[in-house]
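The numbering of the sequence shown is numbering that gives the first Met the number 0, which starts it at 0 and goes up by one. Structure first, commentary second.
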Amino acid sequence: MEQSSMHLSRLCSAPPDVVYDFLADLGTHTTWGGKQQTSDFRLLSLEAPAGPASVGTTFTSTGTIPMSPRRWEDRSEVTAAERPNRFEFVTTATARGTRHSMEATYRHRYEIETAPGGSKVSYSMTQLTMSNPLLRLGLPVVRAMTWRFGIPFMAGRGFRNLLANAEERAHRGRLPREQANRA
0 MEQSSMHLSR LCSAPPDVVY DFLADLGTHT TWGGKQQTSD FRLLSLEAPA GPASVGTTFT
60 STGTIPMSPR RWEDRSEVTA AERPNRFEFV TTATARGTRH SMEATYRHRY EIETAPGGSK
120 VSYSMTQLTM SNPLLRLGLP VVRAMTWRFG IPFMAGRGFR NLLANAEERA HRGRLPREQA
180 NRA
């Protein structure tokens with residue numbers, strides 16, 4: 000089965016180090032990728048060591064699957080941690096079924112670069128392997144549509160949440176621009 004992938008990119012008013020620190024703090028993932036997400040596509044739990052993640056850090060998580068009673072059970076390992084420019088992890092995911100379990104491996108890559116007023120953040124997710132796909136993902140046309148529209152739409156919300164949280168942290172304690180100009 001060929002690799003499927005999606006790519007998102009946005010400007011962010013937070014500097015690269017703040018965005019990176021949010022990604023490397025795995026505890027924040029259950030906020031921007033969990034509580035702030037829709038109930039049918041979000042992280043439910045994440046167990047990770049305290050402190051910033053580095054290459055080799057492993058963590059486990061569970062999450063919901065849209066239009067399915069199944070849950071993802073994931074084991075991830077950080078494969079790149081280059082502050083403030085790149086954070087990457089590979090996830091081995093299992094969705095247990097009554098007869099077969101879907102298993103897949105995904106690479107999540109965040110690339111962060113300095114941009115005027117903050118940073119440009121790119122996120123890509125690539126499916127490296129998959130076995131026993133959920134019925135809809137086993138159909139080539141449905142799989143292609145899911146990767147082209149569904150996954151970017153659903154993952155896009157978490158991506159935007161990440162950036163909004165990083166912006167809030169970066170600008171906490173600062174006066175809004177119009178108030179600062181009057182002061």
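Note that the Cβ used here is the ideal one computed from N, Cα and C, for glycine as well.
Rounded to a whole number of angstroms, what is the C-alpha to C-alpha distance between residue i and residue j?
{"i": "Pro65", "j": "Thr37", "result": "10 Å"}
{"i": "Lys183", "j": "Phe158", "result": "Because residue 183 is not part of the residues shown, which for the chain are 0 to 182, the question remains open."}
{"i": "Thr90", "j": "Thr57", "result": "10 Å"}
{"i": "Arg181", "j": "Gly116", "result": "Reliability fails at Arg181, whose pLDDT of 41 lies under 50, so the model's placement of it is uncertain and the value that follows must be treated cautiously. Approximately 21 Å between the Cα atoms of the pair."}
{"i": "Ser100", "j": "Gly62", "result": "15 Å"}
{"i": "Arg98", "j": "Arg69", "result": "12 Å"}
{"i": "Ala92", "j": "Asp20", "result": "25 Å"}
{"i": "Thr27", "j": "Ser123", "result": "19 Å"}
{"i": "Val140", "j": "Phe152", "result": "17 Å"}
{"i": "Ser51", "j": "Val77", "result": "The amino acid occupying residue 51 in the given sequence is Pro; Ser does not appear at that position. If you take the alpha carbons of Pro51 and Val77, they lie about 11 Å apart."}
Pull the bridge partners of residue i from the DSSP assignment, please.
{"i": "Gly33", "result": "Per DSSP, none; premise fails for Gly33."}
{"i": "His107", "result": "Phe88, Met124"}
{"i": "Met129", "result": "Ala103"}
{"i": "Thr57", "result": "Glu76"}
{"i": "Glu112", "result": "Lys119"}
{"i": "Arg69", "result": "For Arg69, which the question treats as bridged, DSSP gives no partner whatsoever."}
{"i": "Ser8", "result": "Ser121"}
Do residue j and residue i come within 9 Å of each other at the CB atom, strictly closer than that value?
{"i": "Glu112", "j": "Pro15", "result": "yes"}
{"i": "His170", "j": "Ser67", "result": "no"}
{"i": "Tyr109", "j": "Ser121", "result": "yes"}
{"i": "Ser223", "j": "Asp73", "result": "Limits of the chain in this structure are 0 at one end and 182 at the other, which puts residue 223 out of reach."}
{"i": "Leu10", "j": "Phe86", "result": "no"}
{"i": "Gly55", "j": "Leu42", "result": "no"}
{"i": "Ser75", "j": "Glu102", "result": "no"}
{"i": "Gln126", "j": "Ser4", "result": "yes"}
{"i": "Phe40", "j": "Arg147", "result": "no"}
What did DSSP end up calling residue i once you bin it into helix, strand or coil?
{"i": "Val77", "result": "strand"}
{"i": "Arg95", "result": "coil"}
{"i": "Val17", "result": "helix"}
{"i": "Gly155", "result": "helix"}
{"i": "Gly149", "result": "helix"}
{"i": "Gly62", "result": "strand"}
{"i": "Gly117", "result": "strand"}
{"i": "Thr27", "result": "helix"}
{"i": "Arg168", "result": "helix"}
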